[in-house]
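1 is the number of the first residue of the sequence shown in full-length UniProt numbering; add one for each residue after it.
Presented below is the structure to which this report refers.
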Amino acid sequence: MTTLKDRPNTALLVIDVQNGVVEGAHQRDAVVANIGGLVEKARREHVPVVWVQHSDEELQEGSDAWRIVPELVPDGTEPRVGKNYGDSFEATTLEAALSGLAVGRLLVVGAESDACVRSTLHGAFTRGYDVTLVGDAHTTGDKSAWGAPPPEQVIAHTNLYWTYQSAPGRTAGTVETKNVDFGATP
């Protein structure tokens with residue numbers, strides 16, 4: 001139902017599952033395993049997998065902290081998008097990559113729930129994409145020392161509010177890993 005013309009395909013968007021981002025994140029191993037299962041499923045079903053990697057002063061491009069976690073290995077043919085802002089579309093090649101693949105629907109996974117995942121969900125939705133968040137395949141670190149709720153509450157809240165997003169001509173929603181259907185809209 002995307003508002004993007006001639007964009008019938010779905011892609012799995014993997015955001016910032018990098019060593020320095022998910023180190024110490026809530027349920028890191030389970031989330032990475034869920035993402036790995038979805039990557040394998042997408043590849044089996046010939047669904048594009050698009051990888052996003054953040055870089056900044058703390059995540060220097062090429063450093064170990066910047067690298068995607070060792071459990072996940074991007075295929076050499078899968079698009080990789082570098083970014084410097086929370087929204088994976090902002091000043092990147094993501095839109096061009098998705099357009100080239102005729103993608104109008106995204107299934108989103110990655111880190112961090114309350115930063116780059118949230119920004120990208122909204123960025124995609126306002127650009128006309130159908131956007132589904134995989135509720136047990138995103139995570140965040142503990143920012144409660146700065147006044148944020150504990151990570152499990154941040155994740156639950158992100159899942160809750162994304163389940164009920166709506167806008168004309170687009171769909172949003174949340175799904176669990178075991179229920180992901182790359183062909184179905186929420």
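Ideal Cβ positions, reconstructed from N, Cα and C, are used throughout, including at glycine.
Remember, it's a predicted structure, so these values are computed and weren't measured experimentally.
- Contact between the segment 56-66 and the segment 168-183 is absent: fewer than 3 CB-CB pairs across the two stretches fall below 8 Å.
- Nearest to glycine 36 by alpha-carbon distance, out of Leu160, Gln165, His138 and Asn159, is His138.
- Excluding residues up to 5 positions away in sequence, Pro150 lie with their Cβ nearer than 6 Å to the Cβ of serine 144 in the same chain.
- Secondary structure note for valine 22: its alpha helix (DSSP H) is the uninterrupted segment 19-22.
- Excluding residues up to 5 positions away in sequence, Gln18 and Asn19 lie with their Cβ nearer than 7 Å to the Cβ of arginine 67 in the same chain.
- With 16 or more other Cβ atoms from the protein chains shown falling within 10 Å of its own Cβ, glutamate 112 counts as buried.
- Here leucine 121 is actually not in contact with valine 52; their C-beta atoms are around 13 Å apart, not less than 8 Å.
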